[in-house]
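Note that the working numbering has the sequence shown beginning at 2, numbered continuously upward. All C-beta atoms, glycine included, are put in the ideal place defined by N, C-alpha and C.
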Amino acid sequence: MKVAYHKQKSLEFVVDADRVDEPCPEIFDVAYWRSMDALAGAGVGRGGAWFVEAPFGSVVLRRFIRGGWAAKLSRDSYLFTTVSRSRPFREFHLLARLTGLGLAVPQPVAAICEHHGLLSTGAIMTVCIPDAKPLAEVIANSITDVEQQPIPWIAVGRCLRKFHRAGVWHADLNARNILLATEQIPFLVDFDRARFTADREVDGKANLHRLKRSLDKVWPTPALSQLEPAWADLMKGYHD
2 MKVAYHKQKS
12 LEFVVDADRV
22 DEPCPEIFDV
32 AYWRSMDALA
42 GAGVGRGGAW
52 FVEAPFGSVV
62 LRRFIRGGWA
72 AKLSRDSYLF
82 TTVSRSRPFR
92 EFHLLARLTG
102 LGLAVPQPVA
112 AICEHHGLLS
122 TGAIMTVCIP
132 DAKPLAEVIA
142 NSITDVEQQP
152 IPWIAVGRCL
162 RKFHRAGVWH
172 ADLNARNILL
182 ATEQIPFLVD
192 FDRARFTADR
202 EVDGKANLHR
212 LKRSLDKVWP
222 TPALSQLEPA
232 WADLMKGYHD
């Protein structure tokens, strides 16, 4: 990965120059990709994510959107201090570091920060993980799809443990931010507000508690008896 920076007045970009030569604001605009007939689908979540078949590869485009009480003030504006501390730039650089460590995250492609006075907006692009599905979706499908492979709960637990041992604290660890890719390999996505303390293991209890609450919410009622054994396997993998 070759990280490069570009600036156009109030717009600032950070990109993987091996993928994107000259960034422009249009590549972060969903309407632009729709006009190019390049949208391949959309995800779910607070702000949503769009799957784009761009000239530089299959990517996921996500704008930074507020939730909770702050959304009543502004859906997509954040307090601006410096570009390097903006949420798009911080997530881009974090993903670049975690990719370098060999952790299961999507590679960053580009990020944009637009700032005016005390406010900023932004978006990030990451490489699309082939054939990946959110864990929440896989759980829901497990009730109706008898041919679906068993969910690799032990592998999920081991994956989470690798992040915590590396010093990564995920701000929103839930069943939609864990993806199962080809051969049921777990990945973590959406590292907005995540924290990284290199070479210092983090206490993962809060992360795991948040994930358990998420699983409680998405788990299908007809298969409720399978939840506790699944969680036990996840914890077995985590503590291996």
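Through-space distance from Leu-40 to Cys-160, alpha-carbon basis
Rounded to the nearest angstrom, the two C-alpha atoms are 30 Å apart.
Alpha helix (DSSP H) segment containing Ala-233, residue limits
Counting along the chain, the alpha helix (DSSP H) containing Ala-233 begins and ends at 228-240.
Taking only the alpha-carbon atoms, compute the straight-line gap between Val-219 and Glu-148 and give it to the nearest angstrom.
Spanning the two alpha carbons is a distance of roughly 21 Å.
Go through its chain and collect everything with a Cβ distance to Ala-50's Cβ below 8 Å, but skip five positions before and after it.
Excluding sequence positions up to five before and after Ala-50, its CB lies within less than 8 Å of the CB of Ala-43, Gly-44, Val-61, Leu-62, Arg-63, all in the same chain and listed in chain order.
State whether the region 134-150 contacts the region 175-186, with contact taken as three or more CB pairs (one from each stretch) at a distance under 8 Å.
The region 134-150 is in contact with the region 175-186.
Taking 8 Å as the threshold, find out whether the region 117-124 comes into contact with the region 192-208 through three or more Cβ pairs.
They do not touch, by the three-pair rule.
Just the Cα atoms here: how many angstroms apart are Arg-91 and Trp-170?
CA-CA distance, Arg-91 to Trp-170, rounds to 14 Å.
In three-state DSSP terms, what is Val-16?
Residue state, collapsed to three classes: strand.
Sorted by chain position, which residues of the same chain lie with C-beta nearer than 6 Å to Phe-29's C-beta, five sequence neighbours on each side aside?
Close CB contacts of Phe-29 within its chain, under the 6 Å cut and outside five residues either way in sequence, are with Ile-113, Ala-124 (chain order).
Return the bridge partner residues of Pro-135 from the DSSP annotation.
DSSP lists Leu-180 as partners of Pro-135.
Quick check on DSSP: helix, strand or coil for Ala-105?
Taken through DSSP and simplified to helix, strand or coil, Ala-105 comes out as coil.
C-beta atoms of Asp-193 and Arg-20 nearer than 7 Å:
Cβ atoms of Asp-193 and Arg-20: not closer than 7 Å.
Taking its Cβ as the centre, do 16 or more other Cβ atoms sit within 10 Å of Asn-208, making it buried, or is it exposed?
Classification for Asn-208: buried.
In this structure, how does DSSP classify Pro-223 when only helix, strand and coil are distinguished?
In this structure, Pro-223 counts as helix in the three-state DSSP scheme.
For Val-31, which residues in the same chain have their Cβ closer than 6 Å to its Cβ, ignoring the five residues on either side in sequence?
When the five nearest sequence neighbours on each side are left out, the beta carbons in the same chain lying within less than 6 Å of the beta carbon of Val-31 are those of Trp-51, in order along the chain.
If we count the other Cβ atoms within 10 Å of its Cβ and call it buried at 16 or more, is Asn-175 buried or exposed?
Burial check for Asn-175: the Cβ neighbour count within 10 Å reaches 16 or more, so the residue is buried.
Would you tell me roughly how many angstroms separate the C-alpha atoms of Val-9 and Gly-118, rounded to the nearest one?
The displayed chain sequence assigns Gln, not Val, to residue 9. Roughly 16 Å between the two C-alpha positions.
Residues near Pro-109 by beta carbon distance below 6 Å, same chain, minus five either side:
Excluding positions up to five away in sequence, the list reads Phe-93, Leu-96, Ala-97, Thr-127.
Hey, how far is the Cα of His-7 from the Cα of His-116?
Pairing His-7 with His-116, the inter-Cα distance amounts to about 14 Å.
Nearest CA to the CA of Glu-138: which residue from Glu-27, Ile-152, Ser-59?
Ranked by Cα distance from Glu-138, the options Glu-27, Ile-152, Ser-59 are led by Ile-152.
Coil, strand or helix - Ala-71 by DSSP
Any reading at Ala-71 must be qualified, since the residue scores a pLDDT of 33, below 50, and its modelled position is unreliable; the value itself is stated next. Of the three classes helix, strand and coil, the one that applies to Ala-71 here is helix, per DSSP.
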